[in-house]
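Number of protein chains: 2
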Amino acid sequence: MNEAFKALSDPSRRKILQLLKKKDLSAGEIADQFNMSKPSISHHLNLLKQANLVDSEKKGQQIIYSLNTSVFEDVITWFMDFLKKDEGEEIK
Amino acid sequence: MNEAFKALSDPSRRKILQLLKKKDLSAGEIADQFNMSKPSISHHLNLLKQANLVDSEKKGQQIIYSLNTSVFEDVITWFMDFLKKDEGEEIK
DNA sequence: TATACATTTAGATAATTTTCTAAATACCTA
DNA sequence: TAGGTATTTAGAAAATTATCTAAATGTATA
Chain A
15 MNEAFKALSD PSRRKILQLL KKKDLSAGEI ADQFNMSKPS ISHHLNLLKQ ANLVDSEKKG
75 QQIIYSLNTS VFEDVITWFM DFLKKDEGEE IK
Chain B
15 MNEAFKALSD PSRRKILQLL KKKDLSAGEI ADQFNMSKPS ISHHLNLLKQ ANLVDSEKKG
75 QQIIYSLNTS VFEDVITWFM DFLKKDEGEE IK
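See below:
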């Protein structure tokens, strides 16, 4: 899960996730939303993919990216753990 | 919330949070759990504090650190958003 | 097959982050 | 107030990350 935390620490990558939440997008369509070179976006997409936060599928000459929510669930579980009442000191 | 994501991207800092989940600890007690110099731990604690993930309180010559869960709630909310069903395309 | 388009790979540079040692600060107690 | 303990601040070195331009790859189409 370390890769996911790393991937999530960058604002551009979080913005990519927000965009993909609305709908699947090609690499180029994602890049259009940023003031950044395409290779830089490609690099960010690669990190998101390695963290299993997105999936990609080749379609003709485009590559379509989509959210992969399975790791999101893991991360939420990790966080929820901090809100659980301390288990050592049960309320009687 | 960017500072929180940044703070959470480091494994040592996440380990500190796990330790503080069990009980409040002094800076020295935290440092004892790591193979790392005290100034380095101090630096990590500072980042966690700036992200509002921990609080600190001076007690004599020690500084006691504790979890601050308010930002955890915000972050969980951010994540939950990705698991919500797409709101544009309602099921009828 | 030649050309154009979409994306990635390579390689370099700049910026940020992590970590260290040495020194400073703050508090406690004899 | 002198000495000891706990922690932080300062400043530097090393590692990692973000970003760019140029070139390469793969696909579509005229």
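Protein sequences, first through last, are from chains A and B.
Remember, my numbering sits 14 above the position in the first sequence when you count from 1.
Remember, my numbering sits 14 above the position in the second sequence when you count from 1.
Where a beta carbon is used, it is the ideal one built from N, C-alpha and C, also for glycine.
### Query
Taking 8 angstroms as the CB-CB cut-off, is Lys20/B touching chain A?
yes
### Task
With 8 angstroms as the threshold, decide whether the Cβ of Leu97/B is near any Cβ in chain A.
yes
#### Entry: chain A contact for Ser84/B (CB, 8 angstroms cutoff)
no
### Query
Comparing alpha-carbon positions, which option in Asp46/A, Val85/A and Phe93/A lies nearest Thr83/B?
Phe93/A
### Message
Suppose you measure from the CA of His57/A to the CA of Phe86/B; what does that come to, to the nearest Å?
### Response
29 angstroms
### Query
Interface residues of chain A around Glu87/B at Cβ under 8 angstroms?
Leu97
### Task
Please confirm if Ser23/A has its CB atom under 8 angstroms from at least one CB of chain B.
yes
### Task
Could you give the DSSP three-state label for Asp46/B: helix, strand or coil?
helix
### Task
Measure how close the beta-carbons of Ser23/B and Phe19/A come, nearest whole angstrom, since I'm counting them as under 8 angstroms.
5 angstroms
### Under 8 angstroms between C-beta atoms of Leu67/A and Ala21/A
yes
### Task
State the beta-bridge partners of Val85/B as determined by DSSP.
The partner list for Val85/B (beta bridge, DSSP) is empty, contrary to what the question assumes.
### Task
Check each residue of the stretch 36-52 of chain B: if its Cβ is closer than 9 angstroms to any Cβ of chain A, include it; give the result in chain order.
Lys36 and Lys37
### Message
Looking at chain B, is there any beta carbon in it that lies within less than 8 angstroms of the beta carbon of Ile78/A?
### Response
no
### Task
Give the range of the beta strand (DSSP E) segment to which Lys73/B is assigned.
Val68 to Lys73
### Query
Hey, out of Gln32/B, Tyr79/B and Ala65/B, whose CA is closest to Gly42/B's CA?
Tyr79/B
### Task
Kindly say whether Asn66/B, judged by its beta-carbon, lies nearer than 8 angstroms to any beta-carbon of chain A.
no
### Query
How long is the line joining the alpha carbons of Gly74/A and Leu39/A, rounded to whole angstroms?
14 angstroms
### Task
Report all residues from its chain with a CB closer than 7 angstroms to the CB of Glu12/B; omit the five preceding and five following residues, and keep chain order.
Residue 12/B falls outside the range modelled here, since chain B spans only 15 to 106, and no answer is possible.
### Query
Of the choices Asp46/B, Leu31/B, Lys99/B and Asn49/B, whose alpha-carbon is the least far from that of Asp69/B?
Leu31/B
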